[in-house]
Amino acid sequence: MPTSPLVQMLLALVVAGCAFGLWKGGRPERLGAGIILLNSALTLIGGNLLASGSSYIFGLVLDGATAVGFLAMTLMFGRMWLGAAMLIYAAQFALRSYYLVMDRKPDLLHAMINNANFMAIILCIVIGTAAAWRARVRRRKAG
Numbered sequence: 007m008p009t010s011p012l013v014q015m016l017l018a019l020v021v022a023g024c025a026f027g028l029w030k031g032g033r034p035e036r037l038g039a040g041i042i043l044l045n046s047a048l049t050l051i052g053g054n055l056l057a058s059g060s061s062y063i064f065g066l067v068l069d070g071a072t073a074v075g076f077l078a079m080t081l082m083f084g085r086m087w088l089g090a091a092m093l094i095y096a097a098q099f100a101l102r103s104y105y106l107v108m109d110r111k112p113d114l115l116h117a118m119i120n121n122a123n124f125m126a127i128i129l130c131i132v133i134g135t136a137a138a139w140r141a142r143v144r145r146r147k148a149g
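Read in this note's numbering, the sequence shown has 40 at position 34, and its numbers run on one by one without any break.
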C-alpha cells in the first residue's frame, strides 16, 4: 500500500469515482469503472510483488490492455467519455513507453503526468455516469 498521503488521497478518489460509476452508471459506465478498478488493483499488486523493472513493464502492458479494452467499449457503445478515456489511456501508455525506451527512472514529472492522466480518466467516468444518470431520469419523466 502506498504510504504517501497524496497517493492515498488519489486512490480514494479513484475508488469513489469508480463506485459512483458502478452505482449510478449504465452498462458502459459500469464496465469502465470495473476496468479501472481492476487496473488499479493489478497495478498495486504488481508493484508490490514484482521487481521494479518487471513492475514497470507490467504496468506498461496493463495500460496497453486497458486502452484496448476502452477502444473496444468505445466501438461498442459510442460514448464520448469512453473515447476521451481511451485517448487518455493511450497517453498514459505513451508516457510509460517513453520512459522505458529512454531508460529514464520515473521522476517527479512522470508522477505528475501519471497522476493527472489518471484523474482525467476518473473524471471521464464521473462525467459519463452523470450524463447516463440524467438521461435515465429524463426518460423516466418523459414516459
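We treat Cβ as the ideally placed atom computed from N, Cα and C, and that holds for glycine.
Leaving out five residues before and five after residue i in sequence, what residues of the same chain have Cβ atoms less than 7 Å from its Cβ?
{"i": "Y105", "result": "P112, H116"}
{"i": "N121", "result": "L16"}
{"i": "R85", "result": "P34, G134"}
{"i": "F83", "result": "P34"}
Could you check whether residue j and residue i sit closer than 9 Å to each other, using their CB atoms as the reference points?
{"i": "P34", "j": "A138", "result": "yes"}
{"i": "L66", "j": "R110", "result": "no"}
{"i": "W87", "j": "G23", "result": "no"}
{"i": "S46", "j": "V13", "result": "no"}
{"i": "F64", "j": "L56", "result": "yes"}
Name the two residues that bound the continuous alpha helix (DSSP H) containing residue i.
{"i": "S10", "result": "That residue, S10, is in no alpha helix (DSSP H); it is neither H nor E in DSSP."}
{"i": "P34", "result": "33-55"}
{"i": "M82", "result": "58-83"}
{"i": "G89", "result": "86-107"}
{"i": "K147", "result": "114-148"}
Expressed to the nearest angstrom, what Euclidean distance is found between the alpha-carbon atoms of residue i and residue j?
{"i": "G53", "j": "I133", "result": "29 Å"}
{"i": "T9", "j": "R146", "result": "45 Å"}
{"i": "A136", "j": "V107", "result": "39 Å"}
{"i": "R140", "j": "A96", "result": "29 Å"}
{"i": "Y62", "j": "G149", "result": "51 Å"}
{"i": "L114", "j": "R144", "result": "45 Å"}
{"i": "A100", "j": "P11", "result": "27 Å"}
{"i": "S60", "j": "R142", "result": "44 Å"}
{"i": "L50", "j": "I119", "result": "18 Å"}
Within the same chain, show all residues whose beta-carbon is closer than 8 Å to that of residue i, passing over the 5 residues directly before and after it, in chain order.
{"i": "I131", "result": "G23, C24, F26, G27, G31, E35, G38, A39, I42, W87, A91"}
{"i": "L19", "result": "M125, I128"}
Output needed for residue i: all residues of its chain with C-beta closer than 6 Å, excluding positions within five of it in sequence on either side, in chain order.
{"i": "Q98", "result": "D69, N123"}
Distance cutoff 9 Å, beta carbons only. Does residue i sit that close to anything in chain C?
{"i": "K111", "result": "In the structure shown, chain C cannot be found, because there is only a single protein chain."}
Three-pair Cβ contact test at 8 Å for the segment 63-79 versus the segment 89-104: Using a C-beta cut-off of 8 Å, the segment 63-79 makes contact with the segment 89-104, since at least three inter-stretch Cβ pairs fall below that distance.
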